[in-house]
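Counting along the sequence shown from 1, when you hit position 173 you're at 1383 in this note's numbering, and nothing is skipped either side. Beta carbons: idealized from backbone N, C-alpha and C, even for Gly. One structure below.
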Amino acid sequence: MTLLLISKLYNDIGIFVECIIKIALVLLVPIVVCYMLYEIIVDKDDNKNEKVDEKVKVEEIVVKDAQFEYLKHIEENSSYAKIIKHIAFDKIEKLYIPDKIDDIPITTIGKEAFSYDKLINKVILPDSIIIIEEEAFYNSTLNEIIFGNKIRKIGAYAFCNCTELESKIDISKLCNLTIGKYAFKNTMLGNVVITPNMKCEDFSFSNSKINKMEIKEGVTNLYRCEFECNDMEKVKIPNTITKIPKNCFRDCSLLEKVLIPSSVISIEEGAFEKTLEYHPRCLDGTPDMRYNSRIYTVNIKVTIYCEAGSYAQEYARKNGFNCRPILEF
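Structure follows, in structure tokens:
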């Protein structure tokens, strides 16, 4: 009897142990598989990091020649150079920007590279130039610039105060062009064509002495103060525009005619206003210096051409503008 009990006990223990082993295997197998996958992923990340580290090795060197100071940015697969300063002593009527330095393509006119430069007149850019950085020609004597066909960005204030740059700049054929704020302030752009592949921002063409402007169909956005203080006499808003933003045409005192399609459903504050200053006068007509002047705004004397029943017609009537049918534009 005792032997039978012992034998049964051994069998029960064997079954119990077998169950424990099976449970352990069931639990351990996923853990082992997960660990192996983790090791594989970590190993791949390490390899990636090693490759990134290898690629991130960058060297920047400043070099000079008789005309320019350059910054060479050297990477294994992506080297480029920018002009960081014009260092010549003599004035040049036609300045040709080189496309390479030591076989490295020159892609950028750097920040302030020609600012306050009184030794330049006409500048010819090669096709290698992609970016003109902030204030690149600020307050210079530049009077003409020829762009290459790959310009993608004109930075803020890039041509600001180039007062001799008169109607000799054509940006209409440049694709995917971004224009920063006040890029052409106090220049004389003359005729400007805004195309769908341009990306502008607030103040892009502010005070640029535009006397004729065309906004092409397909342009979807206008920007705050984008065309303020310009000299165009008429503007046609395309059917792809839905909003005329705040102060967009402020102080365009010569503006007489604006065509606004029915697609426009919002015209923000000051879009067609001009700023005036009033100073109290003495009896002899001279300013009375005991008092400060007062700034106020009034509507530009512009006629809005629109469709009957449109938002533009309602806006014109509520804000005191003359409005006429589109066919008369």
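query, result
"Extent of the continuous beta strand (DSSP E) run through A1291", "1290-1296"
"Beta carbon of D1309 nearer than 7 Å to that of S1338", "yes"
"Best match in I1340, K1453, D1313 for proximity to T1388 [C-alpha to C-alpha]", "I1340"
"Integer Cβ distance of K1456 from E1438, believed to fall under 8 Å", "At roughly 10 Å, the Cβ-Cβ gap does not stay under 8 Å, so K1456 and E1438 are not in contact."
"CB contact flag (I1420, N1440, <7 Å)", "yes"
"P1497, buried or exposed, once every other Cβ within 10 Å from all chains shown has been counted against 16", "exposed"
"For K1422 and M1442, believed in contact at Cβ under 8 Å, the rounded distance", "6 Å"
"Counted within 10 angstroms of its Cβ, other Cβ atoms place A1526 as buried (16 or more) or exposed", "buried"
"Helix, strand or coil at Y1280 [DSSP, three-state]", "strand"
"Counted within 10 angstroms of its Cβ, other Cβ atoms place A1276 as buried (16 or more) or exposed", "exposed"
"L1281 beta carbon less than 7 Å from that of I1294", "yes"
"Cut-off 6 Å between Cβ atoms - residues of its own chain near N1359, not counting five sequence neighbours on either side", "D1337"
"Rounded C-alpha distance that separates E1407 from N1529", "According to the sequence displayed, residue 1407 carries Asn and not Glu. Distance between the alpha carbons of N1407 and N1529 is about 33 Å."
"7 Å Cβ cutoff met for F1413 and L1469", "no"
"Closer than 7 Å to chain C by CB, P1471", "Given the protein chain composition of this structure (a single chain), no chain C is represented."
"Nearest-angstrom Cα separation, counted from T1430 out to K1328", "39 Å"
"S1416 classed as buried or exposed, judged by whether at least 16 other C-beta atoms fall within 10 angstroms", "buried"
"Other residues of its chain near S1196: CB distance less than 6 Å, five sequence neighbours each side excluded", "The structure shown has nothing for residue 1196, since the chain only spans 1211 to 1539."
"Same chain, Cβ closer than 7 Å to N1382, five either side skipped, listed in chain order", "According to the sequence provided, residue 1382 is Ser. The question's Asn does not apply to it. Answer for S1382: V1403, T1405, listed in chain order."
"Pick from E1376, C1385, G1390 that is closest to G1400, judged by C-alpha positions", "E1376"
"Span separating the alpha-carbon of K1267 from that of H1283", "11 Å"
"Start-to-end residues for the alpha helix (DSSP H) that takes in Y1521", "1521-1529"
"Collapsed DSSP secondary structure at L1537 in the structure displayed", "helix"
"Nearest-angstrom Cα separation, counted from V1508 out to P1490", "18 Å"
"Test item: CB-CB of T1351 and F1369 under 7 Å", "no"
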